[in-house]
Amino acid sequence: DLIKVVYFDEQSASDYLDISAGGKAVTTAEDVRQRANNVHAEVEAKVAAKLSWLPFIGGSAGAGTGVEASRTGQSMLSKTLSNTILTDYLAKSADDHRVRQLRGLRVTAPGDSMAYMKMFTPYMIIAKTEDQGIDLARLDEALAGAKGYYELLGEADDDVKHVLRFNIAAFRNNYGLTDLGRMRLVFHAVHVGHTTERGLGMEA
Amino acid sequence: DLLDVYDVVLAGVEYG
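Now the structure itself:
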């Protein structure tokens, strides 16, 4: 029933599919690849070669083609692969109570959190830095390098708070952390642990 | 008090 996907952690989903299949990773990957290939039977083998960085394409397609899939310039085949994983994931997780579907959350970044900082640092590239001790322009880079996940606070209607962790590399269609707070989204989430609200602060 | 931490796999807009 999804009409728009703004974030999808494909690697986690594909791990989940493989593990659910009883560790038959190769079989699942092969199956996904096969079906994606069928859909794109008309696509030249060249395209597959360019996707050799995908773990399940494997070494069959010459390594080192140095393909950089830009955020928007994703090839159609790689999109099909990705959407095949998405479709499989949706079917598999629908009746799995371990994957919780959280609805109606108000999502915010606490004022002193890393996620909050990360929302602003991209703009610091326009800051004047000559007379300052630190290079503000590179702060974004530094934060991106320091942490691959960002925590946001999700508040339900009953005032129960959850911490939602996002893989910064998993946003789709050029969405980012800042956009989440403005959308009415359903989050598919896996419970991984506990923390305190204070634990989200930069200092912690 | 303790908050539950969730790793998000997917976020999307639902129909309806």
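These protein sequence lines map, in sequence, to chains E and B. Just so we're aligned, residue 1 is where the first sequence starts under my numbering, counting upward by one. Just so we're aligned, residue 1001 is where the second sequence starts under my numbering, counting upward by one. Ideal Cβ placement from N, Cα and C applies to all residues, glycine included.
| query | Which residues of chain B have a Cβ atom closer than 8 Å to the Cβ of arginine 165(E), listed in chain order? | reply | Val1005, Tyr1006, Asp1007 and Val1008, listed in chain order.
| task | Identify the contact partners of alanine 189(E) in chain B, using a Cβ-Cβ distance below 8 Å as the criterion. | result | Those within 8 Å of alanine 189(E) in chain B are Tyr1006, Asp1007, Val1008 and Val1009.
| field | Assigned secondary structure, glycine 208(E) (DSSP; H/G/I helix, E/B strand, else coil) | value | Nothing about residue 208(E) can be reported from this structure: the residues present for chain E run from 1 to 204 only.
| task | Quick one: grab the DSSP three-state call for lysine 4(E). | result | If DSSP states are grouped into helix, strand and coil, lysine 4(E) belongs with the strands.
| contact_flag[the segment 183–202 of chain E, the segment 96–116 of chain E] where n(CB pairs < 8 Å) is 3 or more | Contact between the segment 183–202 of chain E and the segment 96–116 of chain E is present, because at least three Cβ pairs lie under 8 Å.
| said: Between tyrosine 116(E) and chain B, is any beta-carbon pair separated by less than 7 Å? | reply: Closer than 7 Å: no.
| request: Would you mind giving the Cβ-Cβ distance between methionine 114(E) and tyrosine 150(E), rounded to the nearest angstrom? I have them listed as a contact below 8 Å. | output: So it is a contact: roughly 6 Å between Cβ atoms.
| task | Closer than 7 Å, Cβ to Cβ, to anything on chain B: give me those residues from the segment 139–156 of chain E, in chain order. | result | Taking 7 Å as the upper bound on Cβ-Cβ separation, chain B lies near no residue of the segment 139–156 of chain E.
| message | Using CA atoms only, rank isn't needed, just tell me which of Thr87(E), Leu143(E), Ile126(E) and Leu2(E) is closest to arginine 35(E). | response | Selected option, being the one with the closest Cα: Thr87(E).
| Buried or exposed by the 16-neighbour rule on C-beta atoms within 10 Å, applied to tyrosine 16(E) | Tyrosine 16(E) counts as buried, since no fewer than 16 other beta carbons sit within 10 angstroms of its beta carbon.
| message | I believe asparagine 179(E) touches valine 6(E) by the beta-carbon criterion, under 8 Å. Please report the beta-carbon distance rounded to the nearest angstrom. | response | It is worth fixing the name first, because residue 179(E) is aspartate in this sequence and not asparagine. Going by Cβ atoms, the distance from aspartate 179(E) to valine 6(E) rounds to 7 Å, so yes, they are a contact pair.
| request: Note down the Cα distance separating isoleucine 125(E) from tyrosine 175(E), rounded to an integer number of angstroms. | output: Isoleucine 125(E) and tyrosine 175(E): Cα-Cα distance of roughly 19 Å.
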